[in-house]
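K.L.:
Pasting in a structure now, in structure tokens, and then I'll have a few things to ask.
2 protein chains.
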Amino acid sequence: MSSAVPEPVTKLIEAFSALPGIGPKTASRLTYFLLRAPASISQNLSDALDDLKSKTVLCSTCFNITVDDPCPICRDERRDKRLIAVVEEPLDVLAIERTASYTGRYHVLHGVISPVNGVGPDDLKIRELAQRLDNDVLEIIIATNPGLEGDATAMFIQRDLAGKGVKMTRLARGIPMGGDLEYVDAVTLMRALQGRSEMG
Amino acid sequence: MSSAVPEPVTKLIEAFSALPGIGPKTASRLTYFLLRAPASISQNLSDALDDLKSKTVLCSTCFNITVDDPCPICRDERRDKRLIAVVEEPLDVLAIERTASYTGRYHVLHGVISPVNGVGPDDLKIRELAQRLDNDVLEIIIATNPGLEGDATAMFIQRDLAGKGVKMTRLARGIPMGGDLEYVDAVTLMRALQGRSEMG
Chain Z
1 MSSAVPEPVT KLIEAFSALP GIGPKTASRL TYFLLRAPAS ISQNLSDALD
51 DLKSKTVLCS TCFNITVDDP CPICRDERRD KRLIAVVEEP LDVLAIERTA
101 SYTGRYHVLH GVISPVNGVG PDDLKIRELA QRLDNDVLEI IIATNPGLEG
151 DATAMFIQRD LAGKGVKMTR LARGIPMGGD LEYVDAVTLM RALQGRSEMG
Chain L
1001 MSSAVPEPVT KLIEAFSALP GIGPKTASRL TYFLLRAPAS ISQNLSDALD
1051 DLKSKTVLCS TCFNITVDDP CPICRDERRD KRLIAVVEEP LDVLAIERTA
1101 SYTGRYHVLH GVISPVNGVG PDDLKIRELA QRLDNDVLEI IIATNPGLEG
1151 DATAMFIQRD LAGKGVKMTR LARGIPMGGD LEYVDAVTLM RALQGRSEMG
């Protein structure tokens, strides 16, 4: 950039650009917004960034992000110990919690098996999942995302835990609410047919 | 948000959401990205945020953002003192510098006159522009954005400085490079007709 841009500005633009989905244009828009905005906005952001890693840990049981270990869900005696939903990311825990219809516990893998990206089973919390299985656990809901990597990861876990006497299920595939048969892809429609349920 | 989200995560999501164009979804995506990313990425961002305001000032001459006052452009004796481009924001200076075809100096208003948003002439660096006019300055290029507020601001400045013996110009309106007559709005096309120039 030209000499018209002072270094602190360039540095912040570069730091924003390092975030996913933020290109140089958005980064400079954000930077110049902060230059004009009240100092409290950049101060809040800076403080929150500092606290993010220093004040959080992974729950030693489910590996969700938490301030206190074990996390509130693992501590909550009302949560069903017989049910573990295995998800890819902490955000997926949130998504399931939002349904307000799941009373079990979680296990966060922190990724999916992805040979292309050099991520193998040992890079995920799969071994830790096996170690959690005790007589309490009756069912593992493998809630990885549908798609190549999520499916491969689900299959790996299924084989890994086979013979441990625990039921393993996957989330239903089908047409999403508000979806339109005409626009739904063939694989989804096929799954919806296979998974059809009796009415009434 | 539910108890599944620890407070430091919520706080960062909120801090990101305070930025323009970043909704709650993007904010949580960024936050969970930073949780997994190397600590240096959030550290860099946090440091850059801290430096942004503490290490920059407004140039006391042109009011562009700068580390040293006066700014590099105002200090540069090769820049034509007879020409001042009046722009709304520091980003506009950048845009003009990128053309590599302007050798004059700048004046940053830091906004436009906007009664709706409660911004009057006194909230901008308009008085400071008048104070800069000396015998050196021959022409002021009012480079505010085309549109209601930019045009009103240009008109205000033109009246304010009338009779000071300085030539005032505006940037040409017309069809942008790669633009298509069919899709250009009527006002732009009208301006392009009015501003037509002789060929060869």
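Those protein sequence lines, which keep their order, are chains Z and L. Residue numbers for the first sequence follow our numbering, so the first one is 1 and each next one is one higher. Residue numbers for the second sequence follow our numbering, so the first one is 1001 and each next one is one higher. Glycine included, C-beta positions come from ideal geometry on N, C-alpha and C.
Helix, strand or coil: which one does DSSP assign to Z/Leu30?
P.N.:
Here the question's residue 30 of chain Z lines up with position 30 in the first sequence. Z/Leu30: helix per DSSP, three-state reduction.
K.L.:
Let me know the secondary structure DSSP gives L/Met1001 once reduced to three states.
P.N.:
Numbered from its first residue, the second sequence carries residue 1001 of chain L at position 1. At L/Met1001 the pLDDT is 42, less than 50, meaning the model places this residue with poor confidence and gives no usable figure here.
K.L.:
Would you decide whether L/Asp1092 is buried or exposed? Buried here means 16 or more other CB atoms lie within 10 Å of its CB.
P.N.:
Within the second sequence, the letter at position 92 stands for residue 1092 of chain L. L/Asp1092 is buried by the Cβ-count criterion.
K.L.:
Within 10 angstroms of the Cβ of Z/Gly150, are there 16 or more other Cβ atoms? Answer buried if so, exposed if not.
P.N.:
For the purposes of this step, residue 150 of chain Z is taken as residue 150 along the first sequence, with counting starting at 1. So Z/Gly150 counts as buried.
K.L.:
Kindly indicate which residue of Z/Val166, Z/Val116, Z/Met177 has the alpha-carbon position closest to the one of Z/Arg82.
P.N.:
Locating residue 82 of chain Z in the first sequence gives position 82, where the first residue counts as 1. The option with the nearest alpha carbon to Z/Arg82 is Z/Val166.
K.L.:
Note down the Cα distance separating L/Asp1076 from L/Pro1176, rounded to an integer number of angstroms.
P.N.:
Along the second sequence, read from residue 1 onward, the residue named residue 1076 of chain L stands at position 76. Along the second sequence, read from residue 1 onward, the residue named residue 1176 of chain L stands at position 176. Cα to Cα, the separation comes out at about 31 Å.
K.L.:
Hey, is the stretch 1114-1122 of chain L in contact with the stretch 1135-1143 of chain L, meaning 3+ C-beta pairs nearer than 8 Å?
P.N.:
No, the stretch 1114-1122 of chain L does not touch the stretch 1135-1143 of chain L.
K.L.:
Within 9 Å of any Cβ in chain L, is that where the Cβ of Z/Ala39 sits?
P.N.:
In the first sequence, counting from the first residue as 1, residue 39 of chain Z sits at position 39. Taking Cβ atoms only, chain L reaches closer than 9 Å to Z/Ala39, which makes this a yes.
K.L.:
Would you report the Cα separation of L/Met1001 and L/Asp1160, rounded to the nearest angstrom?
P.N.:
The residue labelled residue 1001 of chain L in the question sits at position 1 within the second sequence. The residue labelled residue 1160 of chain L in the question sits at position 160 within the second sequence. Bear in mind that a pLDDT of 42 at L/Met1001, under 50, signals an unreliable position, so the model cannot answer this.
K.L.:
Which first and last residues belong to the beta strand (DSSP E) in which L/Gly1111 is found?
P.N.:
On the second sequence, residue 1111 of chain L is found 111 positions in, with the first residue counted as 1. Segment: none, L/Gly1111 is in no beta strand (DSSP E) and carries neither H nor E.
K.L.:
Just to make sure I have the definition right: I need the residues of chain Z whose C-beta is within less than 7 Å of the C-beta of L/Glu1007. Which are they?
P.N.:
Along the second sequence, read from residue 1 onward, the residue named residue 1007 of chain L stands at position 7. Those are Val67, listed as they occur along chain Z.
K.L.:
Since L/Cys1062 and L/His1107 should fall inside the 8 Å C-beta cutoff, what is the C-beta to C-beta distance between them, to a whole number of angstroms?
P.N.:
Your numbering for residue 1062 of chain L matches position 62 in the second sequence. Your numbering for residue 1107 of chain L matches position 107 in the second sequence. Between L/His1107 and L/Cys1062 the Cβ distance is about 5 Å, and since that is below 8 Å, they are a contact.
K.L.:
How would you write the range of the alpha helix (DSSP H) that L/Met1155 sits in, first residue to last?
P.N.:
By 1-based counting over the second sequence, the position of residue 1155 of chain L is 155. It spans 1148-1160 - the alpha helix (DSSP H) in which L/Met1155 sits, taken as one unbroken run.
K.L.:
For Z/Met177, does the three-state DSSP call read helix, strand or coil?
P.N.:
Here residue 177 of chain Z refers to the residue found at position 177 when the first sequence is read from its first residue. Coil at Z/Met177, not helix or strand.
K.L.:
Does L/Glu1014 come out as helix, strand or coil in the three-state DSSP assignment?
P.N.:
On the second sequence, position 14 is the one that residue 1014 of chain L refers to. It is helical.
K.L.:
Put Z/Ala172 into one of helix, strand or coil per three-state DSSP.
P.N.:
In the first sequence, the residue the question calls residue 172 of chain Z occupies position 172. In the structure shown, Z/Ala172 sits in coil (DSSP, three-state: anything other than H, G, I, E or B).
K.L.:
So which residues on chain Z does L/Asp1050 lean against when the C-beta distance must stay under 7 Å?
P.N.:
Mapped onto the second sequence, residue 1050 of chain L falls at position 50. Within chain Z, the residues near L/Asp1050 are Ser46.
K.L.:
With a threshold of 16 other CB atoms inside 10 Å of the CB of L/Tyr1183, please say whether the residue is buried or exposed.
P.N.:
The residue given as residue 1183 of chain L occupies position 183 in the second sequence. Exposed, since its Cβ has fewer than 16 Cβ neighbours within 10 Å.
K.L.:
Please list, in chain order, the chain Z residues whose beta carbon lies closer than 8 Å to that of L/Phe1033.
P.N.:
Taking the first residue of the second sequence as position 1, residue 1033 of chain L is located at position 33. Chain Z residues near L/Phe1033: Leu19, Pro20.
K.L.:
Starting from Z/Ala208, find everything on chain L with Cβ-Cβ shorter than 9 Å and list it in chain order.
P.N.:
Residue numbering for chain Z in the displayed model covers 1 to 200; residue 208 of chain Z lies beyond these limits and cannot be assessed.
K.L.:
How should Z/Val5 be labelled, buried or exposed, when 16 other C-beta atoms within 10 angstroms of its C-beta is the threshold for buried?
P.N.:
Residue mapping note: residue 5 of chain Z aligns to position 5 of the first sequence, counting from 1. Per the 10 Å Cβ criterion, buried.
K.L.:
Hey, quick one: how far does the alpha helix (DSSP H) through Z/Asp51 stretch, first residue to last?
P.N.:
Residue mapping note: residue 51 of chain Z aligns to position 51 of the first sequence, counting from 1. Run containing Z/Asp51: 39-54, per the alpha helix (DSSP H) assignment.
K.L.:
Kindly indicate which three-state DSSP category L/Arg1078 falls into: helix, strand or coil?
P.N.:
Translated into the one-based positions of the second sequence, residue 1078 of chain L becomes position 78. It is coil, neither helix nor strand.
K.L.:
What's the call for Z/Glu7, buried or exposed, on a 16-neighbour Cβ count within 10 Å?
P.N.:
As a position in the first sequence, residue 7 of chain Z is number 7, starting the count at 1. Its Cβ having fewer than 16 others within 10 Å, Z/Glu7 is exposed.
K.L.:
For Z/Leu35 versus Z/Phe16, is the C-beta spacing smaller than 9 Å?
P.N.:
Against the first sequence, residue 35 of chain Z aligns to sequence position 35. Against the first sequence, residue 16 of chain Z aligns to sequence position 16. Against a cut-off of 9 Å, the Cβ pair of Z/Phe16 and Z/Leu35 comes out as no contact.
K.L.:
Taking all protein chains shown into account, do 16 or more other C-beta atoms lie within 10 angstroms of the C-beta of L/Thr1099, making it buried, or fewer, making it exposed?
P.N.:
Taking the first residue of the second sequence as position 1, residue 1099 of chain L is located at position 99. Under this definition L/Thr1099 is an exposed residue.
K.L.:
Pick helix, strand or coil for L/Ile1142, following the three-state DSSP scheme.
P.N.:
As a first step, residue 1142 of chain L is located in the second sequence; it is residue number 142 there, counting from the start. Of the three classes helix, strand and coil, the one that applies to L/Ile1142 here is strand, per DSSP.
K.L.:
CA-CA distance, L/Leu1181 and L/Arg1173?
P.N.:
Residue numbering aside, residue 1181 of chain L sits at position 181 when the second sequence is read from its first letter. Residue numbering aside, residue 1173 of chain L sits at position 173 when the second sequence is read from its first letter. So the alpha carbons of these two residues sit roughly 14 Å apart.
K.L.:
On a CA-only basis, which of L/Val1187, L/Arg1078, L/Val1087, L/Val1009 is nearest Z/Leu49? Give me that one, please.
P.N.:
Taking the first residue of the first sequence as position 1, residue 49 of chain Z is located at position 49. Taking only the C-alpha atoms, the option nearest Z/Leu49 is L/Val1009.
K.L.:
Return the bridge partner residues of Z/Lys167 from the DSSP annotation.
P.N.:
Locating residue 167 of chain Z in the first sequence gives position 167, counting from the first residue. BP columns for Z/Lys167 point to Z/Glu139.
K.L.:
So which residues of chain Z does L/Ser1042 contact, with C-beta pairs closer than 7 Å?
P.N.:
Taking the first residue of the second sequence as 1, we reach residue 1042 of chain L at position 42. Correct list: Leu49, Leu52, Lys53.
K.L.:
Apart from the five residues on each side of it in sequence, which residues of its chain come closer than 7 Å, Cβ to Cβ, to L/Arg961?
P.N.:
Beyond the ends of chain L as shown, which are 1001 and 1200, falls residue 961 of chain L; an answer cannot be given.
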